[in-house]
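Residue numbers (my numbering): 3 to 106.
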């Protein structure tokens, strides 16, 4: 439901559902499952849409790490998660460098 709300532009509602989903998987002791990696990835997208790139990169990294720990090494989702994390981290570092240069 979080993803549906996000696609509809209901950003606060979508994050509520992502958090509820994480709580649910934590309660049933499935916090290290591929579906949790997917939730982390969607949370990264959420933070990115909210222009909170540090948090977005953090959640993309969580998705990539958990994906690598829970999926086959050749699973296409791992490549998607790791590529997104690397790309967004590079973008963030570039933004930070530009901000530092502009302060000089």
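All C-beta atoms, glycine included, are put in the ideal place defined by N, C-alpha and C. Being a predicted model, the structure only gives us computed values, none of them experimental.
(message) So for residue 32, helix, strand or coil by DSSP?
(response) Counting from 1 along the chain shown, the entry for residue 32 is found at position 30. Looking at residue 32 - three-state DSSP - the assignment turns out to be coil, as it is neither helix nor strand.
(request) Measure from the alpha carbon of residue 37 to the alpha carbon of each residue in 80, 58 and 52, then state which is nearest. (result) One-based indexing of the chain shown puts residue 37 at position 35. Answer by Cα proximity: 80.
(message) So for residue 46, helix, strand or coil by DSSP?
(response) In the chain shown, residue 46 corresponds to position 44, counting from 1. If DSSP states are grouped into helix, strand and coil, residue 46 belongs with the helices.
(request) Determine the DSSP secondary structure at residue 54, reduced to helix, strand or coil. (result) On the chain shown, residue 54 is found 52 positions in, with the first residue counted as 1. Coil, per DSSP.
(request) In the DSSP assignment, find the unbroken alpha helix (DSSP H) run with residue 7 in it and report its ends. (result) Position 5 of the chain shown holds residue 7. Residue 7 -> alpha helix (DSSP H) spans 4 to 9.
(message) Using a Cβ-Cβ cutoff of less than 6 Å, which residues in the same chain neighbour residue 86 once the five nearest sequence positions on both sides are dropped?
(response) Counting from one through the chain shown, the residue named residue 86 turns up at place 84. Contacts found: 62.
(message) Excluding the 5 residues flanking residue 8 on each side, which residues of the same chain have their C-beta closer than 8 Å to its C-beta?
(response) Position 6 of the chain shown, counted from the first residue, corresponds to residue 8. Excluding sequence neighbours, residue 8 sits near 16, 44, 47, 48 and 51.
(request) Tell whether a beta-carbon distance below 9 Å holds between residue 109 and residue 22. (result) Coverage of the chain is limited to positions 3 through 106, which leaves residue 109 absent and any answer about it impossible.
(request) Just confirm the distance between the C-beta atoms of residue 35 and residue 27, as a whole number of angstroms; I'd bet it's less than 8 Å. (result) Indexing the chain shown from 1 puts residue 35 at position 33. Indexing the chain shown from 1 puts residue 27 at position 25. Contact flag correct, Cβ pair sits at about 6 Å.
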